[in-house]
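K.L.:
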Amino acid sequence: MPSPVVSVTLDCSVSRDRSSSGEMGSLSREERRRRRRATQKYRTAHATRERIRVEAFNVAFSDLRKLLPTLPPDKKLSKIEILKLAICYIAYLNHVLDV
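First residue of the sequence shown? That's 1 in full-length UniProt numbering, and the numbers climb one at a time after it.
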């Protein structure tokens, strides 16, 4: 007696890509943000933006430093020293204007 023919079809269209839109839709907003921030492209762009921000910050401190009187004039000051000296200098100028 011949054996019966059994037909089996396999669905091989299952995606194993974790970033597929099906799985990304089920992730929380925070998890999607974490995954996006983990990409090399994002990290490179973020590092570039941060470098520009820090450079602008340092230029602003340098410009402020040039306006403050110190002895010797080329004395290296930390950022906190520059801020404290600027506060004192502004207070002094206010006092001079009040007299």
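Heads up, the beta-carbon is just placed ideally off N, CA and C, and yes, glycines get one too.
Contact check, alanine 56 vs leucine 68 under 8 Å by CB: the rounded distance?
P.N.:
Not confirmed; about 19 Å, so no contact.
K.L.:
Rank Lys41, Val99, Ala47 and Ile80 by C-alpha distance to the C-alpha of arginine 65 and give the top, closest one.
P.N.:
Measuring from the Cα of arginine 65, the nearest candidate turns out to be Ile80.
K.L.:
Can you tell me whether glutamate 81 is helix, strand or coil according to DSSP?
P.N.:
Three-state result, glutamate 81: helix.
K.L.:
Can you tell me where the alpha helix (DSSP H) with alanine 45 in it begins and where it stops?
P.N.:
Where alanine 45 is concerned, the enclosing alpha helix (DSSP H) stretches over 40-67.
K.L.:
In angstroms with no decimal places, state the Cα-to-Cα distance between glutamine 40 and isoleucine 82.
P.N.:
Straight-line Cα distance between these residues: approximately 37 Å.
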